[in-house]
């Protein structure tokens with residue numbers, strides 16, 4: 097009975113004491129908790145495209161040759177101090193910093209600073225089958241979608257801290273590609289160690305980078321723990337610890353914010369923001385974000401191989417209704433894949449009407465006067481571009497019933513969902529895209545090009561020569577006006593062919609406790625805590 | 036007019052009347068009984084009673100609060116959910132899902148249980164002994180766990196849930212019926228009938244059953260509260276009824292998203308489950324007490 | 044005689060385990076999907092590997108032979124891989140099990156501490172207002188859907204008052220090395236500088252889940268103890284003792300309690316299985332990293348090897364605990380022995 101008595105006493109004590117001090121600051125541990133909406137797929141940004149993974153890993157663990165200034169969107173030096181581009185636009189030469197140290201972790205101790213070998217190691221992996229790590233991953237989705245292997249002809253180390261990229265054709269978006277969160281610099285020395293230990297797969301599981309935080313511990317679906325990188329080459333982060341707490345459920349994430357278990361969390365549901373904005377212990381950061389939520393048809397699957405069917409479905413859905421119910425009116429309706437803030441956005445695009453009668457007529461013309469049966473796959477997770485795909489699917493289901501199309505809603509657990517999606521088992525899917533850089537190519541190519549249909553980010557499995565030609569011409573010309581014209585043609589072509597229905601461009605909202613400062617959200621990618629501070 | 040009594044005769048009420056008398060004396064139990072009757076009525080008549088289509092979405096009326104709040108609407112007495120569906124209609128329809136299907140599941144299980152229990156109760160020997168031991172073991176596993184096991188095999192879905200719950204409730208019925216029968220078999224009057232030459236079948240149908248049906252009702256109420264809770268729990272875990280089905284448990288799971296903005300969408304379905312289970316338990320307790328009192332008198 | 048009884052129980056137990064493994068084995072065939080995948084947990088098996096694996100599992104031989112191989116793998120700890128993490132299912136279960144056991148044991152303890160005294164009080168004060176209050180409370184706790192109750196508590200104590208955290212076992216900022224997997228002992232054994240603070244935090248995390256989890260068993264305990272006590276109080280030996288001039292308290296203490304509490308030991312075993320089941324729901328709501336949440340997640344993910352392994356472990360555990368308390372009960376209570 098003694099132990100139970102003391103247990104009761106402890107319980108009583110903690111009830112009483114917690115009543116006295118409602119919010120308990122953890123005083124002894126100087127750390128910050130970021131509540132993320134999902135587990136990372138890998139610890140190497142080369143292998144992924146998902147925004148969640150990028151948020152969780154890239155800005156914390158890694159640096160890039162170039163960075164994007166979050167305010168102006170221009171390129172600024174990162175690990176590369178300076179660079180020169182040859183007149184023909186084919187050769188890019190970078191001079192690297194000489195004071196950059198890699199992470200010292202329980203599994204790796206660096207013996208030298210970062211140099212050109214590491215850059216060659218990093219980008220060589222994407223380039224050549226001979227690279228010892230090329231085969232350890234099955235694909236490099238982002239780099240495949242920009243056709244990296246065709247683009248980069250040669251990679252030459254021209255000095256200990258100097259490296260040269262030779263392109264096979266001019267590409268005006270090349271520097272932007274190097275500045276994306278995917279182009280993280282890895283350690284060649286670590287690679288060599290893994291080869292000698294014969295544990296190559298660890299390159300993507302136990303990360304070593306040069307970023308402000310270093311890897312400490314990861315438990316899938318639970319948390320990632322980072323420690324401060326004590327030898328970071330820029331200003332040291334203020335936080336000793338950064339914990340990414342993985343909370344897939346939106347409601348629980350808000351609950352954790354309210355109880356101060358989270359310091360910062362992305363909140364895709366704008367409805368709750370009004371609630372949080374009433375409390376003065378929270379700050380809401382809104383940021384225009386480059387993203388699009390869309391409804392893609394699997395164009396390899398009949399009847400979605402018919403343009404008229406796709407157009408009919410696009411007329412059948414009541415977009416303003418969806419914007420109201422799913423985004424709570426806080427998103428812009430999308431007419432193109434590109435958000436209106438993009439410089440290549442086509443202002444002359446027709447605004448997509450809601451017209452069930454026209455939809456019925458088109459269906460009849462396509463040979464389906466009685467409608468048909470189809471599946472709508474709704475992603476099971478909440479993302480900025482689509483905060484509640486299931487609800488959106490229910491709305492679309494009701495809309496489609498009006499034109500005689502009987503829709504069934506399908507959803508799987510997220511990993512299964514993506515695997516089945518890649519296999520092309522879907523009829524149509526509600527999903528979206530967050531851009532990695534400011535370049536319009538970053539929307540138009542990964543989402544609809546033939547190369548992306550193979551690498552998997554083209555959920556419509558749409559492969560159209562005309563479209564591919566337009567976006568290829570656009571990157572080959574250095575003149576901005578010409579590029580814009582090509583992109584506008586591509587957008588119009590897409591609106592006419594309708595392989596996917598763009599639905600909304602959402603803002604990005606981040607909620608943080610008032611005592612947290614210095615959190616930076618990059619409109620083109622991940623969140624950054626290097627400058628974050630916490631006052632008690 | 037009062038009946039004229041010529042002789043003094045001992046006036047004995049029938050056992051059922053006695054039970055009913057003892058039962059109605061307990062106000063709470065009687066109240067529970069009335070509630071159950073109302074719920075049953077609702078479960079059957081709900082298609083004719085719902086003020087709105089429970090599945091009709093109305094994007095103009097998202098998350099309308101209940102009408103007792105300032106911004107509520109009279110035509111939506113309990114407000115709407117996050118897709119603009121009338122919550123009252125959904126709750127009413129939920130009665131036939133959560134409560135109605137629970138009754139069906141328990142009835143089905145009861146019938147099979149009575150047959151199996153009778154078979155096992157009337158038999159003896161090694162086979163029966165092994166069967167009984169297995170049954171005892173199956174009894175120690177909670178029905179919800181069994182249901183989760185079965186749903187794990189069959190896959191999620193409302194119908195699978197019902198099958199699972201029927202199967203999961205079976206052991207307790209078989210056990211209960213068997214025990215009740217065996218208790219009766221020991222009674223003197225049963226032996227008397229047996230000596231009179233009654234066959235096993237006659238014994239069971241005409242002698243034993245009339246004496247155990249009250250126990251069956253008691254078992255039924257206990258199983259019913261379990262079944263309602265299990266259906267709702269599986270729906271809540273999203274391995275039972277799937278959205279948009281208006282099952283109470285899955286309605287709570289669906290509305291969790293709006294818990295901050297519209298707490299009533301979570302609170303009301305939960306309240307319905309609570310009230311239903313409470314009513315069932317009140318009736319069950321009431322019958323138990325009534326039976327005990329009748330025995331004591 | 045006692046020996047005989049134990050032998051029979053042991054025989055029954057082994058029989059049950061055989062039945063369980065047969066069930067788990069047949070799940071490999073019952074689950075949708077490829078049998079080979081279900082048994083190994085491997086994905087994208089190449090044709091060459093498939094031949095080797097088929098031989099290893101004995102898939103070309105009789106079911107009987109396959110079942111033998113299956114049991115060997117179970118005993119060797121060579122369990123299937125989880126579809127989602129590609130790790131040995133047994134390792135994962137060992138990882139998540141302590142969290143559930145810890146939560147369940149605190150809840151059980153709580154239900155005993157609260158339930159038994161209240162049950163006794165209610166029985167002693169039968170039909171008085173105190174009994175009615177306690178019985179009413181028990182009936183409410185018995186009828187409340189646990190997930191709704193949990194949500195109500197979270198809304199009040201976490202979201203409105205901000206006193207208690209809503210999820211997990213410990214604030215993620217604390218880093219406690221896992222020795223036993225049980226949080227409180229692990230914290231006490233660790234030598235981190237923030238030990239007291241972490242302990243306090245862990246208890247705060249425990250409060251709501253154990254309260255929620257304890258609600259149902261507590262009410263069952265109250266009802267059961269009350270019934271049991273009432274039964275005992277009606278016995279003749281109690282009346283005799285009273286007639287001999289003992290006071291109420293004396294009677295209660297020397298004759299009543301012991302006899303009334305004996306059946307309660309049996310109840311503890313039954314409560315354990317209820318707790319494990321309810322823990323699944325509690326864990327899902329409070330994001331408690333235990334086997335319940337793990338199993339429910341596996342069901343969502345159609346992670347068949349994990350479901351198979353999880354069910355085997357959970358049901359074995361439940362049955363073993365039940366059997367154990369039943370034996371214990373029989374040993375303590377001569378009346379329950381039906382030799």
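Residue numbers (the numbering used here), protein chains in the order written: chain A, 97 to 632; chain B, 36 to 332; chain C, 44 to 382. Positions of the beta carbon are idealized from the N, C-alpha and C atoms, including for glycine.
Residue i - partner residues in DSSP beta bridges
i	result
residue 179/A	190/A
residue 131/A	341/A
residue 315/A	319/A
residue 601/A	428/A
Selected residue, minimal CA-CA separation from residue i, among the options
i	options	result
residue 134/B	113/B, 262/B, 320/B	262/B
residue 518/A	184/A, 379/A, 248/A, 235/A	235/A
residue 97/B	254/A, 353/A, 423/A	423/A
residue 634/A	196/A, 177/A, 346/A, 218/A	With chain A running from 97 to 632 in the structure shown, residue 634/A is simply not present.
residue 327/A	208/A, 250/A, 198/A	198/A
residue 274/A	349/A, 242/A, 307/A	242/A
residue 373/A	54/B, 296/B, 311/B	296/B
residue 437/A	388/A, 201/A, 482/A, 399/A	388/A
residue 159/B	309/B, 68/B, 217/B, 206/B	217/B
residue 442/A	291/A, 337/A, 430/A	430/A
residue 630/A	193/A, 617/A, 609/A, 472/A	609/A
C-beta neighbour in chain B for residue i, strict 8 Å
i	result
residue 494/A	yes
residue 431/C	Nothing can be reported for residue 431/C: it is not among the residues displayed for chain C, which extend from 44 to 382.
residue 367/C	no
residue 346/A	yes
Partner residues on chain C for residue i, Cβ-Cβ distance less than 7 Å
i	result
residue 634/A	Look at the range of chain A in this structure, 97 to 632, and you will see that residue 634/A is not part of it.
residue 289/B	Going along chain C, no residue has its Cβ under 7 Å from residue 289/B, so there is no contact; the nearest lies around 13 Å.
residue 316/A	128
Local Cβ density within 10 Å of residue i, reported as buried at 16 or more and exposed below that
i	result
residue 160/A	buried
residue 52/B	exposed
residue 448/A	buried
residue 143/A	buried
residue 232/B	exposed
residue 347/A	buried
residue 392/C	This structure cannot speak to residue 392/C, because chain C is shown only from 44 to 382.
residue 288/C	exposed
residue 575/A	exposed
residue 351/C	buried
residue 199/B	buried
residue 163/A	buried
Chain-ordered chain B contacts of residue i [CB-CB under 8 Å]
i	result
residue 198/C	294, 298
residue 368/A	295, 296
Any chain C beta carbon closer than 8 Å to residue i
i	result
residue 138/B	no
residue 316/B	yes
residue 354/A	yes
residue 180/B	yes
residue 87/B	no
Interface residues of chain A facing residue i [CB-CB closer than 8 Å]
i	result
residue 343/C	509
Chain A contact residues for residue i, given Cβ-Cβ distances below 7 Å
i	result
residue 215/C	129, 319, 339, 341
Neighbour list for residue i in chain B, Cβ cutoff strictly below 7 Å
i	result
residue 350/A	295
residue 521/A	Here the premise fails: no neighbours, minimum Cβ distance about 17 Å.
Chain-ordered chain B contacts of residue i [CB-CB under 9 Å]
i	result
residue 421/A	92, 94, 97, 117, 118, 119
Per-residue contacts from residue i into chain C (C-beta, under 9 Å)
i	result
residue 309/B	183, 186, 187, 188, 191, 192
residue 260/B	185, 186
Min CB distance residue i to chain A below 8 Å
i	result
residue 279/B	yes
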